[in-house]
Each structure stands twice: as C-alpha cells, then as structure tokens.
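> Next up is a structure, given as structure tokens.
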C-alpha cells in the first residue's frame with residue numbers, strides 16, 4: 039500500500055511541477071511589441087481553409103432546379119390530422135365559479 043501511495047504522490051508531484059516550471063513566453067521582447075513596428079507591412083492571410091458549417095442547402099444542385107423538371111408530376115402531400123393540446127382552461131368547470139353562482 040505504501041508503494042502505491044508513494045507512486046501516486048510522485049506522479050502528482052511530477053505533473054504539477056511541470057506546469058509550475060513551464061516557461062511563459064514574454065511577447066514584450068518580440069519585434070511586434072516595439073512602438074516602431076509597422077503592422078501594415080505584414081503579409082495578408084492567404085485563404086481560410088476552415089470549412090464553415092451551414093444550415094442552408096444548395097437547391098441549385100437538385101433535380102428540381104433544372105429547367106426540364108416538371109412540377110405537375112409531383113405527388114400531392116397527404117394532410118396530417120394531428121390533435122393539438124389546448125393551452126386554454128375552461129374555468130366554468132371549476133369549483134370557484136360554481137360557488138359564486
């Protein structure tokens with residue numbers, strides 16, 4: 039048991055001391071930190087290769103986007119009959135309304 043505890047404490051010490059002794063970069067010593075640095079001379083970034091997610095669909099690539107597509111051949115959609123829950127309450131059935139009458 040002492041060996042396991044010792045090993046665990048040694049591992050914790052190694053991992054915590056590594057973070058404590060990590061060198062923090064000092065950006066004040068860089069060329070861009072100087073007051074005479076001219077940012078307008080920087081090279082512009084070349085293209086963004088990160089593909090952005092989009093919720094929009096490109097319908098120009100579908101079959102219906104072609105000029106030959108005949109919309110009258112589409113099947114009619116079936117009407118859905120759903121019972122919607124009402125958010126209104128019938129207060130005429132409450133005991134409070136019956137007592138006041």
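Numbering (my numbering), first residue to last: 39 to 139.
Each residue gets a CB set at the ideal place from its N, CA and C atoms; glycine is no exception.
Since we're looking at a predicted model, the values are computed, not measured.
Sort 110, 65, 70 by Cα distance to residue 78 and report the nearest one.
Comparing Cα positions, the closest option is 70.
> Taking the straight line between their C-alpha atoms, what separation do you get for residue 51 and residue 45?
Approximately 10 Å between the Cα atoms of the pair.
> By how many angstroms is the C-alpha of residue 43 removed from the C-alpha of residue 67?
Their Cα atoms are separated by approximately 44 Å.
> So for residue 111, helix, strand or coil by DSSP?
DSSP places residue 111 in helix when its eight states are reduced to three.
> Look at the Cβ atom of residue 101, then the Cβ atom of residue 108, and state whether they are nearer than 8 Å.
No, these two residues do not count as a Cβ contact at 8 Å.
> Enumerate, from N- to C-terminal direction, the unbroken alpha helix (DSSP H) stretches of 4 or more residues contained entirely within the region 56-100.
Runs of the alpha helix (DSSP H) inside the region 56-100: none found.
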